[in-house]
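A.B. asks: So the sequence shown is residues 102 to 178, counted in my numbering. This is the structure I have questions about; it appears just below.
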Amino acid sequence: AEFGITVNCVSPGMVDTLRKHASATVQPKHHADHKPLLGRRGSVDEIASVVVWLAGPGGRFTTGQTLHINGGAYLGG
102 AEFGITVNCV
112 SPGMVDTLRK
122 HASATVQPKH
132 HADHKPLLGR
142 RGSVDEIASV
152 VVWLAGPGGR
162 FTTGQTLHIN
172 GGAYLGG
């Protein structure tokens with residue numbers, strides 16, 4: 102706090118990538134089939150925008166937090 106350094110964690114849920122669902126093995130496929138509350142996987146851009154926000158002026162007063170960017174996966178769906 103003395104030096105104005107903030108420390109946070111971004112914890113993304115399932116994210117669409119170039120590898121997609123087809124490359125998953127049996128166990129990860131089980132988790133990949135689970136749909137979060139919003140009904141879809143997130144995008145790389147959606148996760149990146151949170152990181153950009155935290156690193157920019159908007160995140161100056163945010164510290165010691167874990168941001169779960171998962172489309173509501175913990176709320177059921």
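Think of the CB as a built atom: it goes at the ideal place given N, C-alpha and C, for glycine as much as any other residue.
Assuming V111 contacts V152 under a Cβ cut-off of 8 Å, what Cβ separation, rounded to an integer in Å, is found between them?
C.D. replies: Looking up residue 111 in the sequence shown gives position 10. Looking up residue 152 in the sequence shown gives position 51. Going by Cβ atoms, the distance from V111 to V152 rounds to 6 Å, so yes, they are a contact pair.
A.B. asks: Please work out which residues of its chain come closer than 8 Å, Cβ to Cβ, to I170, disregarding the five sequence neighbours upstream and downstream, and give them in chain order.
C.D. replies: On the sequence shown, residue 170 is found 69 positions in, with the first residue counted as 1. Closer than 8 Å at the Cβ level, and outside the excluded window around I170, lie V111, S112, P113, G114, G143, E147, I148, V151.
A.B. asks: If you draw a straight line from the alpha carbon of F104 to that of Q166, how long is it in whole angstroms?
C.D. replies: Reading the sequence shown from its first residue, position 3 is the one you call residue 104. Reading the sequence shown from its first residue, position 65 is the one you call residue 166. Rounded to whole angstroms, F104 to Q166 spans 18 Å at the Cα level.
A.B. asks: At what residues does the alpha helix (DSSP H) containing I148 begin and finish?
C.D. replies: On the sequence shown, residue 148 is found 47 positions in, with the first residue counted as 1. Counting along the chain, the alpha helix (DSSP H) containing I148 begins and ends at 145-156.
A.B. asks: Tell me which residue opens and which closes the beta strand (DSSP E) that L168 is part of.
C.D. replies: What you label residue 168 is simply residue 67 of the sequence shown in a count that begins at 1. Element bounds for L168: 167-170.
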